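Read the structure below first, then the notes.
Residue numbers (our numbering), protein chains in the order written: chain A, 6 to 293; chain B, 13 to 207.
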């Protein structure tokens, strides 16, 4: 063995060589690892998306359905504020509602068309970073039967009558209600009124109320008398209630109609004051 | 002459540590992936049960002829709701009360005797025999809560039902609370007490 051989750092021939990974091998390994990681992450992300998006869509559908159910529970007249023309419905965030009073146009005029409220609810949700919309729609038909009422306030309307009524009907002592039926209708007008009676003094005066003196009421529709005048004794029965019917031929659909009740006493004796009064109109659709 | 060369102790230790880290990383990823899938399945399950509960309420409330849990017209929230409705929900006879039965939707505490956890149930009460039968709508493992809400301004026959429940785990980016809320309309009766 020579001195040179002793100091040589080289490995003997046929010996095992130690090799590190080359840059290419490391890069390939890292790439494969990254692909695996990214695949897993993409799969998880896709899974979450597939979970969340139907959930968001379902929540939007729930919101829309809730608004529509609320609208369907409301009345035709209650859905739209007449003064503003806008719906009275309150809607949750991300939702809009469009309510329109409309009618099926048969081309024969409003009196024969069928009015209804159309309701369209849109609720938004996000899918793929794009805002999408769930839309539901429904209708509330114009009611087959409807009531209009008009109570009079005796605290602010102290209508006092001393003289016998002698003018042309319906006169000035009236209860009035105005309404607009949208379809051909039959009407029933209900009214009741109560009066305070004050007799004159002294008791021997000739203009004292007599048991035969009457309180007369009569209903008018669009200034035309309907039914017959009704009289009740003032002294013994100072309240009166009555019902009269109005045929569909007298009712004007689509425009304002006026129902009026005139009340008066048939004598100049005594003094009567309106205490309380109500007028109610029941409208039923005339589909003949 | 061939000189065999083995790993040194240091090399072995480093290799073992790297291997352990790699295995731990892969295991962690696997566990994470499994948990994510599991929580997604749990969330889907909870949604299904809540939908089922709301659908059940809609079907039974629709034909209610009497509401025993009247809510305040000024706005009130109840945690249970009882109605008298049709025994056969597909045969609606609002003018006949002899074929009706009582339904109460409530959270039963505890869901099962001797166990913890509450569940959302529908309790059917026979008005003649007073026999009760409960059906679980949302499992106790989801800790469901239910609210029946009447708000001022809503129609008197309109009810908002809110169900909240919790999953054990939550997918990344989501909370573990799930909420469903729907409006339900009753046809034959109001839910508010008259003033």
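Idealized CB from N, CA, C, for every residue including glycine.
Owing to the predicted nature of the structure, the values given are computational and were not obtained by experimental measurement.
- Collapsing the DSSP output to three states places residue 134 (chain A) in coil.
- Chain A places a beta carbon closer than 8 Å to that of residue 172 (chain B), counting this residue as a contact.
- For chain B, the residues of the stretch 89 to 113 of chain A that bring a beta carbon within less than 7 Å of one of its beta carbons are 95, in chain order.
- Restricting attention to A:243, A:256, A:209, the CA atom closest to the CA of residue 269 (chain A) is found in A:243.
- Taking C-beta atoms as the reference points, residue 52 (chain A) and residue 52 (chain B) count as a pair closer than 8 Å.
- The beta carbon of residue 70 (chain A) sits closer than 7 Å to the beta carbons of 141 from its chain, once the five residues preceding and following it are set aside; these are given in chain order.
- Spatial neighbours of residue 191 (chain B) in its own chain (CB-CB distance under 6 Å, excluding positions within 5 residues in sequence) are listed in chain order as 176.
- Scanning its chain for C-beta atoms nearer than 6 Å, with the 5 sequence neighbours on each side dropped, one finds around residue 137 (chain B) the residues 114, 144, in chain order.
- By the Cβ criterion, the stretch 139 to 153 of chain B is not in contact with the stretch 71 to 78 of chain B, since fewer than three pairs of Cβ atoms, one from each stretch, lie closer than 8 Å.
- In the DSSP assignment, residue 120 (chain A) forms a beta bridge with A:108.
- Given a length threshold of 4 residues, the stretch 194 to 264 of chain A has no whole run of the alpha helix (DSSP H) inside it.
- Residue contact check for residue 151 (chain A) against chain B: no CB pair falls below 8 Å.
- Contact check for residue 197 (chain B) and residue 74 (chain A): beta-carbon distance about 5 Å, within the 8 Å limit, so the pair qualifies.
- By the C-beta criterion, the stretch 122 to 131 of chain B is judged not to be in contact with the stretch 25 to 37 of chain A, since fewer than 3 inter-stretch pairs fall below 8 Å.
- Under DSSP, residue 183 (chain A) takes part in a beta bridge, and its partners are A:263.
- For residue 90 (chain B), the uninterrupted beta strand (DSSP E) run begins and ends at 88 to 90, by DSSP.
- Setting aside the 5 residues that flank it on each side, residue 219 (chain A) is surrounded in the same chain by 236, 237, 238, 239, 270, 271, 272, each with a C-beta closer than 8 Å to its C-beta; the list follows chain order.
- Given a length threshold of 3 residues, each whole run of the beta strand (DSSP E) inside the stretch 53 to 137 of chain B is given here in chain order: 88 to 90, 93 to 98, 112 to 120, 131 to 137.
- Straight through space, the alpha carbons of residue 159 (chain B) and residue 194 (chain A) are spaced by roughly 44 Å.
- Within 10 angstroms of the beta-carbon of residue 156 (chain B) lie 16 or more other beta-carbons, which makes it buried.
- Here residue 55 (chain A) carries a helix assignment [DSSP, helix/strand/coil].
- A direct Cα-to-Cα measurement between residue 154 (chain A) and residue 54 (chain B) gives close to 56 Å.
- Interface flag for residue 61 (chain B) against chain A is unset, since no Cβ pair is found closer than 8 Å.
- Chain A has a Cβ within less than 8 Å of the Cβ of residue 193 (chain B).
- Contact annotation: residue 278 (chain A) and residue 201 (chain A) have beta-carbon atoms nearer than 8 Å.
- Beyond the five residues adjoining it in sequence on each side, residue 202 (chain B) comes within less than 6 Å, by CB distance, of 168, 169 in the same chain, given in chain order.
- For residue 153 (chain B), there is no enclosing beta strand (DSSP E), since its DSSP letter is neither H nor E.
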